[in-house]
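Participant: Residue numbers (our numbering): 14 to 305. Before I ask anything, here is the structure I am working with.
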């Protein structure tokens, strides 16, 4: 993999002209706004963008069931940049899969972006995944034979959107994320940070209200990680999105305004990060874990 100097692009997303008052979707009209509840005077949504009540999820392991989530209650009032923090095996990725409608809870209620996921059909969940939410994983999951632009456009092409608006939207996103000049290159010609930016552009194709990021810097070096955390914070701020990131790293979580701590499948508390550095986040996290 070539090691290029990446374009910063941390605040480049602000250059994309996105009106905060439109409710139409991006591929139908490139560059339009995120839809959703009318904001309050503070800029916050009038109701939670994520609301989970008593969520349980277990998996079969041989002849026994392993409980991954044990009655999770979670309320996220977006927009903003938030973290779910916990050790390996705490249930973070399981919760992220449920929020992304990639799986269903065994018990409990899950409301995301105004949709009751626990009651929706598979067809409804497919549409929800396409239009209401974006997901970025630790693995970039780019198709190696496609260019960066083609990877971004792939969800639209699979949905039957093959017109000029799709091309315009992908170009807009790649430029805004600082990798426009790399749009014609395949993944093996891009650095890790560039590949993750392409993956983020793909997740934003339909202007979702919520972006889920599951350990998004796990395959990046420290410099690229710092740029990506700043980029996610900028997305939340400039486009009034709700970005929810799973992490086990205090250095990542400190970029968020609030941290939800998950331990052994249960929420154990919250950390407000204002005034804290990474060491302060680590100390607050350990205090909550010990107290639980």
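Just so you know, even glycine gets a beta-carbon here, dropped at the ideal spot from N, CA and C. Only a predicted model underlies this, so the values are computations on that prediction, with no experimental measurement involved.
#1: Could you work out which residue in 249, 203, 211 is closest to residue 184 when comparing CA atoms only?
#2: If we count Cβ pairs, one from each stretch, closer than 8 Å, do we get three or more for the segment 239-246 versus the segment 74-86?
#3: Indicate the three-state DSSP secondary structure (helix, strand or coil) for residue 62 in the structure shown.
#4: Does the distance from the C-beta atom of residue 255 to that of residue 62 stay below 8 Å?
#5: For residue 146, count the other beta carbons within 10 Å of its own beta carbon; 16 or more makes it buried, fewer makes it exposed. Which is it?
#6: Nearest to residue 286 by CA position, among 295, 280, 200, 201, is which residue?
#7: Please report the straight-line C-alpha distance between residue 116 and residue 83, rounded to a whole angstrom.
#8: Is it right to say residue 319 is buried, meaning 16 or more other beta carbons lie within 10 angstroms of its own, or is it exposed?
#9: Of the choices 299, 303, 273, 277, whose alpha-carbon is the least far from that of residue 87?
#10: With a threshold of 16 other CB atoms inside 10 Å of the CB of residue 144, please say whether the residue is buried or exposed.
#11: Is the beta carbon of residue 111 less than 8 Å from the beta carbon of residue 68?
#12: Suppose the cutoff is 6 Å on Cβ atoms and the five residues either side in sequence are ignored; what does the same chain contact list for residue 301 look like?
#13: Can you round the beta-carbon distance between residue 288 and residue 237 to whole angstroms, since I take them to be within the 8 Å contact cut?
#14: Alpha carbon to alpha carbon, how far is residue 165 from residue 251? Give it in angstroms, no decimals.
#15: State the start and end residues of the unbroken beta strand (DSSP E) segment that holds residue 80.
#16: Out of 214, 171, 172, 133, which has the shortest C-alpha to C-alpha gap to residue 192?
#17: For residue 95, report the span of its alpha helix (DSSP H) as first-last.
#18: Verify whether the separation of the beta carbon atoms of residue 99 and residue 303 is less than 8 Å.
#19: Within the segment 172-224, note down every full alpha helix (DSSP H) run reaching 4 residues or more, in order along the chain.
#20: Ends of the alpha helix (DSSP H) at residue 282?
#21: How many angstroms separate the CA atom of residue 142 from the CA atom of residue 163?
#22: Helix, strand or coil: which one does DSSP assign to residue 267?
#23: My guess is that residue 169 and residue 159 are in contact by the Cβ rule of under 8 Å, so how many angstroms apart are they, rounded?
#24: With DSSP as the reference, label residue 133 as helix, strand or coil.
#25: Considering residue 252, what are the terminal residues of the alpha helix (DSSP H) in which it resides?
#26: Going by DSSP, what residues sit across from residue 124 in a beta bridge?
Facilitator: Quick answer:
#1: Here residue 184 corresponds to residue number 171 of the chain shown, with the count starting at 1. Distance from the Cα of residue 184 is smallest, within the candidate group 249, 203, 211, for 211.
#2: At 8 Å Cβ cutoff, the stretches do not touch.
#3: Within the chain shown, numbered from 1, the residue matching residue 62 stands at position 49. In the structure shown, residue 62 sits in coil (DSSP, three-state: anything other than H, G, I, E or B).
#4: Walking along the chain shown from the start, residue 255 turns up at place 242. Walking along the chain shown from the start, residue 62 turns up at place 49. The criterion of a C-beta distance shorter than 8 Å is satisfied by residue 255 and residue 62.
#5: Your numbering for residue 146 matches position 133 in the chain shown. By the Cβ-count criterion, residue 146 is buried, with 16 or more other Cβ atoms from all chains shown falling within 10 Å of its own Cβ.
#6: As a working note, residue 286 is residue 273 in the chain shown. Ranking the options by Cα distance to residue 286, first place goes to 295.
#7: Locating residue 116 in the chain shown gives position 103, where the first residue counts as 1. Locating residue 83 in the chain shown gives position 70, where the first residue counts as 1. Answer to the nearest angstrom: the Cα atoms are 16 Å apart.
#8: Residue 319 is absent from the model: the chain starts at 14 and stops at 305.
#9: On the chain shown, residue 87 is found 74 positions in, with the first residue counted as 1. Checking every option, the nearest Cα to that of residue 87 belongs to 273.
#10: Within the chain shown, the letter at position 131 stands for residue 144. So residue 144 ends up on the buried side.
#11: The residue labelled residue 111 in the question sits at position 98 within the chain shown. The residue labelled residue 68 in the question sits at position 55 within the chain shown. The Cβ-Cβ distance between residue 111 and residue 68 falls below 8 Å.
#12: Position 288 of the chain shown holds residue 301. Taken in chain order, the residues that qualify are 274, 281, 282.
#13: Along the chain shown, read from residue 1 onward, the residue named residue 288 stands at position 275. Along the chain shown, read from residue 1 onward, the residue named residue 237 stands at position 224. Contact between residue 288 and residue 237 does not hold, since the beta-carbon distance rounds to 27 Å and is not under 8 Å.
#14: Translated into positions along the chain shown, residue 251 becomes position 238. Translated into positions along the chain shown, residue 165 becomes position 152. Cα-Cα distance, rounded: 21 Å.
#15: As a first step, residue 80 must be located in the chain shown, where it is residue number 67. Residue 80 -> beta strand (DSSP E) spans 77-89.
#16: In the chain shown, residue 192 corresponds to position 179, counting from 1. Taking each of 214, 171, 172, 133 in turn and checking the Cα distance to residue 192, the smallest one comes out for 214.
#17: The residue given as residue 95 occupies position 82 in the chain shown. For residue 95, no alpha helix (DSSP H) encloses it; the enclosing beta strand (DSSP E) starts and ends at 93-98.
#18: Reading the chain shown from its first residue, position 86 is the one you call residue 99. Reading the chain shown from its first residue, position 290 is the one you call residue 303. With respect to residue 303, residue 99 sits apart: the two C-beta atoms are not nearer than 8 Å.
#19: DSSP runs (the alpha helix (DSSP H)) wholly in the segment 172-224: 177-189, 205-216.
#20: In the chain shown, the residue the question calls residue 282 occupies position 269. Per DSSP, residue 282 belongs to no alpha helix (DSSP H); it is in the beta strand (DSSP E), 279-285.
#21: By one-based count along the chain shown, residue 142 stands at place 129. By one-based count along the chain shown, residue 163 stands at place 150. Roughly 19 Å between the two C-alpha positions.
#22: One-based indexing of the chain shown puts residue 267 at position 254. Residue 267: coil per DSSP, three-state reduction.
#23: Here the question's residue 169 lines up with position 156 in the chain shown. Here the question's residue 159 lines up with position 146 in the chain shown. Actually they do not touch by this definition, with Cβ atoms about 13 Å apart.
#24: For the purposes of this step, residue 133 is taken as the residue at position 120 of the chain shown. Reduced to three states, the DSSP call for residue 133 is coil.
#25: Within the chain shown, residue 252 is the residue found at index 239, counting from 1. It is not in any alpha helix (DSSP H) - residue 252 carries neither H nor E in the DSSP assignment.
#26: To locate residue 124, count along the chain shown from 1; it is residue 111. For residue 124, which the question treats as bridged, DSSP gives the partners 64, 129.
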